[in-house]
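Chemist: Residues 356 to 606 (my numbering) are what the sequence shown spells out, left to right. The C-beta atom is built at its ideal place from N, Cα and C for all residues, glycine as well.
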Amino acid sequence: LIDEMTHSLTEHVAQYLQVAIINGLLRPGELITEPEIAERLGVSRTPVREAMARLQAIGLIERTPGKYGTRVRAMSSAEAVQILQVRLILESAALEIACVTASEESLRPLRALLEIERQRIDAGELLLLKEEGWRFHEKLIALTGNKMLQELATQVNDRFSSQIVSVPPSREREELSYQDHTELVNAIARRDAKRAKEIIKHHIQRVIGAFEDSRLQSVSEGTSEYLDDIVRQIQRKTQQKRRGHSGRQMV
């Protein structure tokens, strides 16, 4: 349980740093350190260290030779759009295969995720929908059974996840995404590759639009509230972890 909580804290710290970097609160070239971030978020240095390692792996930050700390490296909007264009190519190819090979049984995990998405939207848990969205697209690619395609798609999604996380959640946008996902599953079940590729094209175009719109907004338009929400989640996880430690000591 404690390991799961640490993992969750790492996810939230990474998300906080990604949003701060991509929205300009942490600017390219700015030096950030583990103690500084740990103190700011009220966590230990372990989840901060793990989160910073993730951001370095996807190219958002880079180690500073000979100095104590890490510097911010932000991806350009053009680079992010190019990544999404590659994602469209990969997912279109995956849909071509899935519409031939997928069975109703293989679609059950996708339908189960659709139920979770619906529950998240109805409960207003919009921040959690980003993770469900990644899972949906991962399982979509997995329908092909093509390991090379899955590896390429994972690399692309890992690169872009550092960008899309900066977009504050919107119920309207999540409703449209849920509709896209539902129609995709139905199109695959009907073996309608043409319709499935139309849906994924519109879906990714909408993601590009949301990303570009978020870059045009000022930091004050939703980003600060988004960061505050992430910090509250980190604080809740930290409290749960402390209670877990206390419980183990009492036993």
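1. Along the chain, where does the beta strand (DSSP E) containing Ile543 start, and where does it finish?
2. Quick one: measure Cβ to Cβ for Ile555 and Glu446, integer angstroms, because I've assumed they're closer than 8 Å.
3. Just list the alpha helix (DSSP H) runs in the region 433-508, keeping only unbroken ones of 4 residues or longer that don't cross its boundaries, in chain order.
4. For Glu389, report the span of its beta strand (DSSP E) as first-last.
5. Roughly how many whole angstroms lie between the Cα atoms of Lys494 and Glu529?
6. Starting from Arg426, trace the beta strand (DSSP E) in both directions and tell me its first and last residue.
7. Run the CB neighbour count on Thr499, radius 10 Å, all protein chains shown included, and call it buried at 16 or more, exposed below.
8. Report the partner residues of Arg409 according to the DSSP bridge assignment.
9. Once you ignore the five residues that flank Cys454 on each side, which residues in its own chain have a CB closer than 7 Å to its CB?
10. Compare the Cα-Cα distances from Gln437 to each of His367, Ile559 and Tyr533 and report the closest residue.
11. Is it right to say His557 is buried, meaning 16 or more other beta carbons lie within 10 angstroms of its own, or is it exposed?
12. If I measure Cβ to Cβ from Glu576 and keep anything under 7 Å in the same chain, skipping five residues before and after, which residues do I get?
13. I'd like to know if the region 532-541 and the region 465-484 are in contact, where contact means that at least 3 CB-CB pairs between them fall below 8 Å.
14. Please state the DSSP three-state secondary structure of Leu582.
15. Going by DSSP, which residues form a beta bridge with Leu372?
16. Tell me where the beta strand (DSSP E) around Glu385 begins and ends.
17. Decide if Leu439 is buried, meaning its Cβ has at least 16 other Cβ atoms within 10 Å, or exposed.
Modeler: Taking the definition as stated:
1. Your numbering for residue 543 matches position 188 in the sequence shown. Where Ile543 is concerned, there is no enclosing beta strand (DSSP E), although the alpha helix (DSSP H) around it starts and stops at Arg526 to Ala544.
2. Walking along the sequence shown from the start, residue 555 turns up at place 200. Walking along the sequence shown from the start, residue 446 turns up at place 91. Their Cβ separation, rounded to whole angstroms, is 5 Å, which keeps Ile555 and Glu446 in contact under 8 Å.
3. If we require 4 residues or more, the alpha helix (DSSP H) runs fully inside the region 433-508 come out as 463-478 and 484-497.
4. Reading the sequence shown from its first residue, position 34 is the one you call residue 389. From DSSP, Glu389 is part of no beta strand (DSSP E) but of the alpha helix (DSSP H) over Glu389 to Leu396.
5. Along the sequence shown, one-based indexing puts residue 494 at 139. Along the sequence shown, one-based indexing puts residue 529 at 174. When the Cα atoms are used, Lys494 and Glu529 turn out to be separated by approximately 19 Å.
6. Numbered from 1 along the sequence shown, position 71 holds the residue referred to as residue 426. Element bounds for Arg426: Thr425 to Val427.
7. By one-based count along the sequence shown, residue 499 stands at place 144. Classification for Thr499: buried.
8. By 1-based counting over the sequence shown, the position of residue 409 is 54. Paired residue(s): none; Arg409 is not in a bridge.
9. Stepping through the sequence shown from its first residue, residue 454 is reached at position 99. Residues Ile543, Arg546, Asp547, Ala548 and Ala551 of the same chain have their beta carbon placed closer than 7 Å to that of Cys454, with the five preceding and five following residues left out of the count.
10. For the purposes of this step, residue 437 is identified with residue 82 of the sequence shown, where counting begins at 1. Closest option to Gln437, Cα to Cα, is Ile559.
11. Numbered from 1 along the sequence shown, position 202 holds the residue referred to as residue 557. Burial is judged here by how many other beta carbons sit within 10 angstroms of a residue's own beta carbon; His557 has fewer than 16 and is exposed.
12. As a first step, residue 576 is located in the sequence shown; it is residue number 221 there, counting from the start. The predicted model places Glu576 with a pLDDT of 48, which falls under 50 and marks its position as unreliable, so this point remains unresolved.
13. Segments in contact, yes.
14. Sequence index remark: in the sequence shown, residue 582 carries index 227 (1-based). The three-state secondary structure of Leu582, taken from DSSP, is helix.
15. Taking the sequence shown and counting its residues from 1, the one referred to as residue 372 is at position 17. DSSP lists no partner for Leu372.
16. In the sequence shown, residue 385 corresponds to position 30, counting from 1. Segment: none, Glu385 is in no beta strand (DSSP E) and carries neither H nor E.
17. By one-based count along the sequence shown, residue 439 stands at place 84. Buried, by the Cβ-count rule.
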